[in-house]
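Residue numbers (our numbering): 1 to 229.
The beta carbon of each residue, even a glycine, is placed where N, CA and C say it ideally should be.
Note that the structure is predicted; figures quoted are calculated from it, not measured.
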């Protein structure tokens, strides 16, 4: 990666975040983005968020806060959409509520680019656009932030958060910053509140590194970018 090459950060996560977790998660996102900016002082930070409710929008808000401090030439918010925009908004809206549309439009207006992810012909399933989005993030991102409940026992829904994490980690050398969250209907305290670095071995098993310096070490270790050109 050269000085002129952007460092691409992507987000995946649940739409239905537990409201009691949002303040903590926001602070952890802000800290992670600050750490990345310090570790990559020479690079423009291109931040990918589809602006779905929950994790995507929380990430986008913190990206824009960082952009206000460092400038739009250093930090960019890019919005890859899994389908045509009007259909995407309709698919995300709750019946009788304008909340998603309003928050999406407000964030979209501040993004540097909004585009539909290229989609090759394939099975026409409801999940197909979200699978392609997960594949796009895996191909394009140098680093993935996952706002995820960490449940590896649940069914792996194509295009869902667990699926996106698994697809990303399938590339050797990739790592994910897992920021633990609960879903809105969860009861009790989250099993872990500390962000951890996730990697995967050749068999696909996840490995967690909760060392406080793990993120810094990963970001500052020289490696060849595997990002698709």
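When the beta-carbon positions are compared, residue 133 and residue 11 stay at least 7 Å from each other. By the CB criterion at 7 Å, residue 51 and residue 137 fall outside the cutoff. If you keep only unbroken alpha helix (DSSP H) runs of at least 4 residues inside the region 69-115, you get 85-92 and 99-108. One alpha carbon belongs to residue 26, the other to residue 188, and they sit about 20 Å apart.
Ranked by how close their Cα comes to the Cα of residue 67, the residues 112, 202 and 28 have 112 in first place. Contact between the region 23-39 and the region 209-222 is present: three or more C-beta pairs spanning the two stretches fall below 8 Å. For the options 201, 196, 185 and 141, the alpha carbon positioned closest to that of residue 19 is the one of 185.
Residue 164 has its alpha-carbon roughly 14 Å from the corresponding atom of residue 142.
For the region 113-196, the full-length alpha helix (DSSP H) segments reaching 4 residues or more read 128-140 and 161-169 along the chain. As a beta-bridge residue in DSSP terms, residue 12 pairs with 146. For the pair residue 92 and residue 100, the Cα-to-Cα distance works out to about 7 Å. Distance from the CA atom of residue 130 to the CA atom of residue 70, rounded to whole angstroms, is 31 Å. In this structure, DSSP gives residue 211 a state outside helix and strand, which the three-state scheme calls coil. Burial check for residue 115: the Cβ neighbour count within 10 Å stays below 16, so the residue is exposed.
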